[in-house]
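From first to last, the protein sequence lines stand for chains A and C. The opening residue of the first sequence carries number 0 in numbering that gives the first Met the number 0; numbering runs sequentially from there. The opening residue of the second sequence carries number 0 in numbering that gives the first Met the number 0; numbering runs sequentially from there. Written out below as structure tokens is the structure these notes cover.
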Amino acid sequence: MELLWLAVSTIAIGVFGCVAWFWGSNWLLDRIYPAKGEKAGDNIRRAGQIRPWLFLGPAILFLGMYLVYPVFDSLWRSLFNSDGSQFVGVDNYVWLMGDGKFRESMLNNMLWLLVVPALATLFGLLAAQLTDRLKWGNIGKSLIFMPMAISFVGAGVIWKFIYEYRASGETQIGLLNWIVTRFGGEPQIWLTLPGWNNFFLMIVLVWIQTGFAMVILSAALRGIPEETIEAAVLDGASPLQVFFKIKVPQIMGTIAVVWTTITIVVLKVFDIVFVMTNGQWGTQVLANLMYDWMFRGTPDYGRGSAIAIVLMILVTPIMVWNIYNARKEVR
Amino acid sequence: MADLKLTSLAKSYGDVSVLKDIDLDIKSGEFIVFVGPSGCGKSTLLRMIAGLEQITAGELQIARRVVNDIPPSQRGIAMVFQSYALYPHMTVRDNMAFALKIAGQSKDQIKAATDSAGKMLQLTPYLDRLPKALSGGQRQRVAIGRAIVRDPQVYLFDEPLSNLDAALRVATRIEIAQLKASMPDRTMIYVTHDQTEAMTLADRIVVLAGGGIAQVGAPLELYERPVNEFVAQFIGSPAMNLLPGRVKTVGSVTTVALEGGLEARVAIPTREGDQGMQVNLGVRPEDMREADGDALFEGTVDLTEALGEVTLLYFGTNAETVPIIAKLPGIHPGLNGRKVRLTADPDALHLFHNGQSLLYRDGDLPPYQPRTTPSGSMGSTPAGDDRQAPTDGIIKPEGPVR
């Protein structure tokens with residue numbers, strides 16, 4: 000009960016605080032530069048220059064506190080030893096280069112990077128095109144989109160059941176092993192199959208992200224002027240040629256945005272691996288490796304931070320390109 | 000080579016009938032223009048010919064081949080769209096080459112075709128540009144070029160000039176006329192709502208209204224011998240004035256007693272027994288002039304529009320009826336608020352009964368000869384005619400059509 004009160008009052012204070020800030024600061028600004036009197040014009044101009052900062056101020060402050068400061072703090076911490084008591088320079092990075100698990104993570108991340116965005120975008124594009132002209136297309140779209148509403152942890156749990164293993168002879172409760180045994184195969188411990196298990200994890204993310212790709216690409220496909228398609232039909236193009244030579248090139252910008260957005264999600268992938276294999280059996284990825292060093296057993300803040308920095312450096316250029324493309328699309 | 004034959008063509012969307020009973024013969028090498036008010040189905044008819052719309056009923060022949068179920072690309076047609084419909088991701092050259100590439104032509108053939116089309120349309124400097132780097136007029140020329148490289152038997156134009164500004168529209172219109180002149184054996188079908196384009200480009204105009212063909216004829220024929228009030232008011236700007244009255248005396252020249260007490264002599268024959276028949280006297284604004292003696296219209300000028308070469312006089316703008324408009328050549332200052340008496344030549348007048356022209360009462364007219372002098376007579380040419388019969392049913396515009 001006490002907790003509930005705490006929560007409610009926190010919300011109330013938060014909302015009231017926001018209103019008070021925006022109303023109060025604007026009121027004060029109008030007091031300092033009133034829009035009347037001799038200097039009305041000057042005052043309006045000056046107030047106009049300051050006002051955006053009143054609105055942006057809180058956001059900038061909190062973003063700085065929770066995003067920018069941690070970046071620099073991580074960078075700083077990555078130069079210290081495990082408990083932060085001793086400056087070690089780039090030792091943590093040198094250690095990373097020689098660490099087998101780190102190399103495995105980098106390699107796996109690269110694999111995720113290649114497979115997941117490609118498959119999710121491809122399936123999304125196909126789903127968008129194929130559901131567009133069907134009567135029950137919207138139902139299909141809803142079904143494909145639904146996994147987007149499931150958290151990564153939830154999705155991981157669901158798929159862990161699909162890959163679940165029971166010894167041969169016992170009743171298989173995992174969907175995949177049930178199918179395999181139905182067709183006379185031997186049940187497999189899917190998540191420990193070296194090499195393959197990475198792909199079994201990736202399927203989960205593809206399953207989630209296809210809906211996202213489909214929704215965005217479907218909107219883009221609908222934005223293509225109908226006349227260009229009719230002109231292509233008159234020019235003798237087959238439906239496949241219309242799709243690949245007329246439609247896809249026209250939505251290339253959107254495809255790039257979808258691709259890079261999924262790429263960023265993939266680089267940060269953590270929950271699915273954490274829930275399903277915890278990085279064992281050759282499925283380690285950077286985010287999970289960072290978590291391992293940062294919070295498991297005896298924490299090593301230095302090495303954990305170093306991995307975090309590497310991860311950030313990998314994401315940043317893709318992020319920049321993504322934002323650039325997205326802005327180009329808007330224009 | 001490629002004449003078109005439309006037989007009882009019809010289009011409906013579910014229960015909604017858009018076009019019905021379209022019968023039309025288009026001869027090879029003709030320039031045909033479809034005109035009509037918005038929603039009359041002119042674009043739909045063109046898209047049916049192109050194969051972009053299914054034909055609900057009837058038969059469409061191109062070059063003596065029934066093409067109802069033949070895909071658009073195999074009908075021997077090319078189409079130019081109002082919005083240009085250029086492929087935005089391809090250069091001008093690739094836009095023009097697309098159809099040829101699909102058809103599997105060799106690189107040399109494609110280059111030769113695009114080069115010559117580019118030269119013909121003065122697009123050579125722009126061949127490697129993307130459409131977005133071109134002006135509206137250039138884009139439309141690329142769209143035309145895309146049609147030319149395919150060398151179709153029939154060109155279809157769907158309001159190709161509507162997205163251009165006024166000056167460019169005139170220039171491109173002339174280019175299209177020259178294009179047609181350079182390939183006399185190619186058939187062109189052109190859809191527009193702009194009657195200037197229709198009058199200047201067409202060999203024959205097809206006026207569409209109310210889901211059917213109102214009249215087919217040479218531009219000046221539609222202007223001088225409209226088959227009904229709709230065509231009379233649709234062709235010509237400002238629209239023809241209609242003055243209600245009754246037939247007073249019959250004969251080769253008819254006298255009409257107009258509402259308001261005035262009389263008009265009309266060079267259209269009427270028969271015994273027509274006396275007292277309710278008619279609408281049609282008089283074009285540009286045929287009206289100030290009367291020395293008898294007038295067929297008198298009224299107080301409510302508004303003048305001085306355009307320099309002509310002056311437009313409006314009568315009855317404040318009333319709820321359609322205003323009467325007169326177009327006098329030259330400059331006439333100080334007419335506002337004055338009472339004016341106007342008349343017109345008996346040859347220039349039209350008579351309509353129940354919306355249909357009395358000229359066509361006895362069936363088809365002899366072939367049309369333009370009226371060259373104000374006193375030139377109509378219908379004095381030899382008989383023998385292949386004109387379309389006027390459609391039955393009365394098509395009456397609701398208020399001013401334009």
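Where is the CB? At the ideal position from N, CA and C, for every residue including glycine.
With a threshold of 9 Å between beta carbons, residue 231/A makes contact with chain C. At least one CB atom of chain A sits nearer than 9 Å to the CB of residue 82/C.
Taking 9 Å as the threshold, the shortest C-beta distance from residue 156/C to chain A does not fall below it.
Judged by DSSP in its simplified three-state form, residue 162/C adopts coil rather than helix or strand. The Cβ atoms of residue 240/C and residue 323/C lie closer than 9 Å to each other. Counted as a single uninterrupted DSSP element, the beta strand (DSSP E) harbouring residue 156/C occupies residues 153–157. A direct Cα-to-Cα measurement between residue 48/A and residue 28/A gives close to 11 Å. Using a CB distance cut-off of 9 Å, residue 97/A does not count as an interface residue toward chain C. In the structure shown, the three-state DSSP call for residue 195/C is helix. The beta carbon of residue 268/C is closer than 6 Å to those of 251 in its chain, skipping five residues each way along the sequence. Of the residues assessed, residue 118/A falls on the buried side of the cut-off, its CB having 16 or more other CB atoms within 10 angstroms. Closest option to residue 74/C, judged by alpha-carbon separation, among 135/C, 13/C, 155/C: 155/C. Looking at the backbone, the Cα of residue 52/C and that of residue 272/C are separated by about 49 Å. The stretch 58–72 of chain C and the stretch 181–193 of chain A do not touch, with fewer than 3 CB-CB distances between them shorter than 8 Å.
The CB of residue 248/A comes closer than 9 Å to the CB of 86, 87, 88, 89 in chain C, given here in chain order. Cα atoms of residue 97/C and residue 109/C: separation of roughly 9 Å, rounded to the nearest angstrom. CA-CA distance, residue 7/C to residue 33/C, rounds to 17 Å.
For residue 131/A, the enclosing alpha helix (DSSP H) covers residues 99–131.
Against chain A, the beta carbon of residue 101/C has neighbours under 9 Å at 231, 234, 235, 236, 237, 240, 244, listed in chain order. Every unbroken stretch of the alpha helix (DSSP H) spanning 4 or more residues and falling wholly within the stretch 91–148 of chain C is given here in chain order: 91–101, 106–119, 135–148. With its beta carbon at least 9 Å from every one in chain C, residue 147/A lies outside the interface.
Within the stretch 38–68 of chain C, contact with chain A at the beta-carbon level (separation under 7 Å) is assigned to 49, 51.
Taking all protein chains shown into account, residue 196/C has 16 or more neighbouring C-beta atoms within 10 Å of its C-beta and is therefore buried. Secondary structure at residue 344/C: coil, using DSSP grouped into helix, strand and coil. Measuring C-alpha to C-alpha distances from residue 103/C to each of 234/A, 94/A, 148/A identifies 234/A as the nearest. The stretch 270–285 of chain A makes no contact with the stretch 163–171 of chain A; the number of CB pairs closer than 8 Å stays below 3. The bridge partners DSSP lists for residue 328/C are 309/C. Residue 266/A is positioned such that its CB atom lies closer than 9 Å to that of residue 111/A. When the five nearest sequence neighbours on each side are left out, the beta carbons in the same chain lying within less than 8 Å of the beta carbon of residue 310/A are those of 266, 267, 285, 286, 289, in order along the chain. The beta carbons of residue 286/C and residue 219/C sit no closer together than 9 Å.
When Cβ pairs closer than 8 Å are counted between the two stretches, the stretch 202–222 of chain C is seen not to touch the stretch 164–176 of chain C, the count staying below three.
Taking all protein chains in view, the Cβ of residue 9/A is surrounded by fewer than 16 other Cβ atoms within 10 Å, so the residue is classified as exposed. For residue 224/A, the neighbours in chain C by C-beta distance under 8 Å run, in chain order, 82, 84. In summary, residue 151/C is buried, with 16 or more beta-carbon neighbours lying within 10 Å of its beta-carbon over all protein chains present.
Residue-level contact check: residue 194/C does not touch chain A, since none of the beta carbons of chain A fall below 9 Å from its beta carbon.
Comparing alpha-carbon positions, the option among 139/C, 126/C, 283/C, 17/C lying closest to residue 80/C turns out to be 139/C.
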